[in-house]
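**Q** The end of the sequence shown is residue 112 by numbering that gives the first Met the number 0, with every number in the run present.
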Amino acid sequence: MTEGTHAIKKSTRKAPEDHGLVGAVIEMVLASFRGWFDAAIASIERSVTEAMLRIARQIFILFLALLGLAFLLFGFSKMLSYFFQVPGIGESIVGVFMLAMAFILALFTRDGK
C-alpha cells in the first residue's frame, strides 16, 4: 500500500522546469520589465554622455573666448600706452574700464533684493 501511494505521488509531481501558464506569464512580465529597465538605463546613459560632451565643448569655447579677450585687452593696453607715451597708462585705463564693466554687470544682474 505504501508503494502504491508512493508511486501516485511521484506521478502527480511536476518537473521543476515546468511552471505552467502562470509561470510563463510571470516570466513574460518580468522579461518586459527587464527590457524596459534596460532601455531606460541606456537612455539615461546616452543623455548623460551627450550632456557631458556638450558641457566640455562649451567650456572649451569659453576658454578660447577668454584667451582671445585677454590678448585683445593686452594689445589694446599696449596701444594706449604707446599713444599716450606714458608707461603703464594703457594697462591702467583698461583695468579701470574692466572694473567699471564688472560693477555695471553686477548692478544689472541683481535679483532685485
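In this text, a Cβ means the ideal position worked out from N, Cα and C, and glycines have one as well. Keep in mind the model is a prediction, meaning the values are calculated, not measured.
#1: Taking only three categories from DSSP, how would you classify Q84?
#2: Using the beta-carbon count (16 or more within 10 Å), is S31 buried or exposed?
#3: Output the distance between the C-alpha atoms of D113 and Q57, rounded to the nearest integer angstrom.
#4: To the nearest angstrom, how far is it from the Cα of G22 to the Cα of M51?
**A** The structure says:
#1: coil
#2: exposed
#3: The structure shown has nothing for residue 113, since the chain only spans 0 to 112.
#4: 43 Å
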